[in-house]
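Peer 1:
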Amino acid sequence: MSIEVQNISKTFGTFKALSSVSLNVPTGQLVALLGPSGSGKTTLLRIIAGLEQADEGSGSIYFHDEDVATQPVRRRQVGFVFQHYALFRHMSVFENVAFGLRVRPRRARPTKRDIRDRVHRLLALVQLDGMAGRYPSQLSGGQRQRVALARALAVEPKVLLLDEPFGALDAKVRKELRAWLRRLHDELHVTSVFVTHDQDEALEVADRIVVMNEGRIEQIGTPDEVFHHPQTEFVMKFLGEVNAFHCRVDSGRVQFDALELPFPQERQQIEGDARVFIRPYDVTIDTKTNGLPSVTAEVIRIHSAGPVVRLELRTATGQALAAELSQERFGTMNLQVGSNVYVRPRHIRVFTSA
Amino acid sequence: MAAGIALRMRARSEQATAATTESPLTRWLLIGTALGFLAVFLFLPLVLVFVYAFGQGISAYLAAFAEPDARTAIRLTLITAAIAVPVNTAFGVAAAWAIAKFEFKGKNLLITLVDLPFAVSPVIAGLIFVLLFGARGWFGPWLHAHDIRIIFATPGIVLATLFVTFPFVARELIPLMQAQGTEEEQSALTLGATGWQTFWRVTLPNIKWGLIYGVILCNARAMGEFGAVSVVSGHIRGQTNTMPLHIEILYNDYQFAAAFAVASLLAFLAVITLVVKSFVEWKSARTHAAVERESQGGGSS
């Protein structure tokens, strides 16, 4: 079941949460809505679910070819997983998962035996077989989130919507669960949309990432596309650490600090004042000059505990610059605080100042 | 939320260390003062009610209830409570639901209005109804023309009791429902439940103990209310006297044994209410503690 969002806007009082957002989620894909808090990602998810109404006169929402914008929540057949689980605290795990089946009108309600079988199948799927009799208060956060997922899947939803599903869990459980969610999705192939502010989570789990900022979509693409080919300054900055400098673009040449490099992006034309962005791991550090264009810089700080070594540098013109290099390379270079080095960016991206 | 904080504070105070506790003498002095005060001002009067009630023997005690006026008063009190408590339970749940689960204009005004009966003196509450429905009140002539009696009759007593006891259920539920939020209801809706199913299967079980507690307090006040009822009742013996009014009349007639006998019945009802109330408190504290554990949980799987 595909999801089509067309020109959806949402205003809370004077705050514009979404401005004319359009989005297409193909059948069977797992899509991440990624953005900082206040970017409108949760609002968009809740509008798709029907928990929030889009502004009067704004666009529509289709599940497959059916316009669902006017349907109430309970008719849309969405599975919704809340950040804080929202399990029914007075019901056992079994009753929680069975709820969606038990509230169906009598004609559509499965028999008691069918309900029992289906609940136990789902609990096996989320690896909670022995927990049917427990209450939510007796479960850990990770277990609760899996109950919430089983409960959402019990009604055989057309689409699965997850609002920061792992946001309330600690780092280790979060990593385990997101790998598990990916495997589960590969097994079930339910069209799914999940909201997250954690770029690692989005990059690791999603088929496609929708990067949102201030109620707008900045970029839609595969994890590779948004990470390696960001289309806007915001996407560049949001997906990982970045060094930014003012620059001038003059007939295909980018001038910044003491450097002049060819304009990096194809299919884009910028002239005049702009900003250039360099990822710390896209910086080459040398102790000797080798003839290639580079700037000189002084080492201000060295963080060598970790898989890579991070350097804080200051260029000859006084600009701060972060760089990363491998432990091996760092070992061969004999760098110290105060050393002078030659810095050469391998990849740059240029955007006009936002 | 308030209950949660209270519980957390209790848990903390149980862990008091030597550095934060008072000396034994101070502690006993404080506890002794508190208990002594309670004994003189609360426990002693209650005991005296029973002592005076049985002062002229058990037969005099029983005779006080055999009297038709007493029976009418008891019946009227029970009828009033039987109407006021369910009506205010329904209104209280509706008001708390509206305030806790929805955002709308005039919400603060509604919260203030819910508290109004607590702020206003019961006598004034009674007078309001006299001004509205009395012979010279706004609706007086119309009511007279249609031969409907409200003031100096049962409807007036029920209305005054409704007014005075309105806040109990709503006040108990609003903080509870606000703390619980609306996510459980929302997830019930996404799972296909109707609004009605959501209320009966999700909302009501979650507020159960708070609701019962509110109903108990509401009932205690409905049976014991004096001021407002006194204004609208007209004190017609055998017709418009509730138990508290009947007790006052007996007392003014120097029928102390009978007065205290009926008073003992009222006091007995109050004691039962308190016993049920402490059971409910104990029960809901356990539920709250579970919720507390749940919200602090999370963590490792």
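Line order of the protein sequences matches chains A and B.
Numbering of the first sequence is given in the numbering used here, commencing with residue 260 and proceeding in unit increments.
Numbering of the second sequence is given in the numbering used here, commencing with residue 22 and proceeding in unit increments.
We put the beta carbon where it would ideally sit given N, CA and C, even for glycine.
All values reported here derive from a predicted model rather than from experimental measurement.
Please list, in chain order, all residues of the same chain as Glu-557 (chain A) whose beta carbon is under 7 Å from its beta carbon, the five residues on each side excluded.
Peer 2: Contacts found: Leu-572, Arg-573, Gly-597, Asn-599.
Peer 1: Helix, strand or coil: how does DSSP classify Thr-93 (chain B) here?
Peer 2: Thr-93 (chain B): helix per DSSP, three-state reduction.
Peer 1: Short of 8 Å in beta carbon distance, which residues of its chain neighbour Gly-256 (chain B), apart from the five on each side in sequence? Order them along the chain.
Peer 2: Reading the sequence as shown, one finds His at residue 256 (chain B) and not Gly. Counting only Cβ-Cβ distances below 8 Å, and skipping sequence neighbours, we find Asn-262, Leu-266, Ile-270.
Peer 1: Hey, does Ala-27 (chain B) have any beta-carbon neighbour from chain A nearer than 8 Å?
Peer 2: The pLDDT assigned to Ala-27 (chain B) is 45, lower than 50, so where the model puts this residue is not dependable; a value taken from the coordinates is nonetheless given after this. So, not an interface residue.
Peer 1: For Ser-285 (chain B), which of helix, strand or coil comes out of DSSP?
Peer 2: Correct three-state label for Ser-285 (chain B): helix.
Peer 1: Would you please state the rounded distance, in angstroms, between the beta carbons of Glu-205 (chain B) and Asn-227 (chain B)? I believe it to be under 8 Å.
Peer 2: About 7 Å separates the two Cβ atoms, so the contact holds.
Peer 1: Using a Cβ-Cβ cutoff of less than 7 Å, which residues in the same chain neighbour Ala-166 (chain B) once the five nearest sequence positions on both sides are dropped?
Peer 2: Closer than 7 Å at the Cβ level, and outside the excluded window around Ala-166 (chain B), lies no residue.
Peer 1: Kindly indicate which three-state DSSP category Ser-142 (chain B) falls into: helix, strand or coil?
Peer 2: Looking at Ser-142 (chain B) - three-state DSSP - the assignment turns out to be coil, as it is neither helix nor strand.
Peer 1: What are the complete alpha helix (DSSP H) segments, minimum 4 residues, inside the segment 198-271 of chain B?
Peer 2: 204-211, 216-219, 225-245, 248-254, all fully within the segment 198-271 of chain B.
Peer 1: Using three-state DSSP, classify Gly-316 (chain A) as helix, strand or coil.
Peer 2: The answer is coil: DSSP assigns Gly-316 (chain A) none of H, G, I, E or B.
Peer 1: Would you decide whether Val-354 (chain B) is buried or exposed? Buried here means 16 or more other CB atoms lie within 10 Å of its CB.
Peer 2: Examination of residue 354 (chain B) is not possible in this model, given that chain B is present from 22 through 322 alone.
Peer 1: For a contact defined as C-beta to C-beta under 9 Å, what are the partners of Ser-208 (chain B) on chain A?
Peer 2: Those are Phe-339, Val-340, Phe-341, Tyr-344, Ala-345, Leu-346, Phe-347, Phe-358, Ala-407, Arg-410, Ala-411, listed as they occur along chain A.
Peer 1: Which residues bound the alpha helix (DSSP H) around Val-464 (chain A)?
Peer 2: Note, Val-464 (chain A): alpha helix (DSSP H), 458-464.
Peer 1: Given a threshold of 16 other Cβ atoms within 10 Å of its Cβ, counted over all protein chains shown, does Ile-169 (chain B) qualify as buried or as exposed?
Peer 2: Exposed: under 16 other Cβ atoms inside 10 Å.
Peer 1: When DSSP builds the beta bridges, which residues end up paired with Asn-283 (chain A)?
Peer 2: In DSSP, Asn-283 (chain A) forms a bridge with A:Glu-263.
Peer 1: Assess contact between the segment 463-472 of chain A and the segment 291-303 of chain A, defined as three or more Cβ pairs (one per stretch) separated by less than 8 Å. Is contact present?
Peer 2: Touching, per the Cβ criterion.
Peer 1: Between Ala-214 (chain B) and chain A, is the shortest Cβ-Cβ distance under 8 Å, so that the two count as touching?
Peer 2: Judged by the 8 Å Cβ criterion, Ala-214 (chain B) is in contact with chain A.
Peer 1: Compute the distance between the beta-carbons of Arg-437 (chain A) and Glu-463 (chain A), then report whether it is under 8 Å.
Peer 2: Taking 8 Å as the Cβ cut-off, Arg-437 (chain A) and Glu-463 (chain A) qualify as a contacting pair.
Peer 1: When the distance is taken between beta carbons, is Ser-285 (chain B) closer than 8 Å to Val-70 (chain B)?
Peer 2: In contact: Val-70 (chain B) and Ser-285 (chain B) (Cβ atoms closer than 8 Å).
Peer 1: Would Asn-240 (chain B) count as contacting chain A if we go by Cβ distances under 8 Å?
Peer 2: Closer than 8 Å: no.
Peer 1: Considering only residues of the segment 369-433 of chain A, which uninterrupted beta strand (DSSP E) runs meet the minimum length of 3 residues and lie entirely inside it, listed in chain order?
Peer 2: Counting whole runs of 3 or more residues, the segment 369-433 of chain A contains the beta strand (DSSP E) stretches 418-422.
Peer 1: Taking the Cβ atom as the reference point for each residue, do Asp-516 (chain A) and Gln-578 (chain A) lie within a distance shorter than 8 Å?
Peer 2: Yes, they are a contact pair.
Peer 1: Can a CB atom of chain A be found closer than 8 Å to the CB of Gly-319 (chain B)?
Peer 2: With a pLDDT of 40 at Gly-319 (chain B), under the threshold of 50, the modelled position of this residue cannot be trusted; read the value that follows with caution. Yes, Gly-319 (chain B) counts as interfacial toward chain A.
Peer 1: Where does Gln-586 (chain A) sit, in a helix, a strand or coil, going by DSSP?
Peer 2: Helix.
Peer 1: So who's on the other strand from Lys-122 (chain B), going by DSSP bridges?
Peer 2: DSSP output for Lys-122 (chain B) lists no bridge partner at all.
Peer 1: Consult DSSP for Ile-537 (chain A) and reduce its assignment to one of helix, strand or coil.
Peer 2: It is a strand residue.
Peer 1: Going along chain A, which residues have a C-beta under 8 Å from Leu-218 (chain B)?
Peer 2: Here the sequence assigns Gln to residue 218 (chain B), which means Leu is not the residue at that position. Chain A residues near Gln-218 (chain B): Val-362.
Peer 1: Ignoring anything shorter than 3 residues or poking outside the segment 287-350 of chain A, list the beta strand (DSSP E) runs there in chain order.
Peer 2: Entirely contained in the segment 287-350 of chain A, the beta strand (DSSP E) runs reaching 3 residues are, in chain order, 289-293, 319-322, 337-340.
Peer 1: Hey, Arg-403 (chain A) and Pro-416 (chain A): beta-carbon distance below 8 Å or not?
Peer 2: Not closer than 8 Å, so no.
Peer 1: Determine the direct distance from the alpha carbon of Leu-238 (chain B) to that of Ala-74 (chain B), and round the result to whole angstroms.
Peer 2: Their backbone Cα atoms lie some 25 Å apart in a straight line.
Peer 1: So Val-414 (chain A) contacts chain B; which residues on that side make the cut at Cβ distance below 8 Å?
Peer 2: The contacting residues are Leu-212, Gly-213.
Peer 1: So for Ala-556 (chain A), helix, strand or coil by DSSP?
Peer 2: Ala-556 (chain A) falls in the strand class under three-state DSSP.
Peer 1: Nearest chain A C-beta to Val-301 (chain B) closer than 8 Å, yes or no?
Peer 2: Val-301 (chain B) does not count as touching chain A.
Peer 1: Spatial neighbours of Ala-427 (chain A) within its chain, please: C-beta separation below 7 Å, excluding the five flanking residues on both sides.
Peer 2: Gln-342, His-343, Gly-400.
Peer 1: At 7 Å on the CB atoms, spell out the chain A contacts of Asn-129 (chain B), in chain order.
Peer 2: In chain order: nothing, as chain A lies at least about 16 Å away.
Peer 1: Can you give me, in chain order, the residues of the segment 309-324 of chain A that have a beta carbon less than 9 Å from any beta carbon in chain B?
Peer 2: If the cut-off is 9 Å between Cβ atoms, the segment 309-324 of chain A has Gly-309, Leu-310 near chain B.
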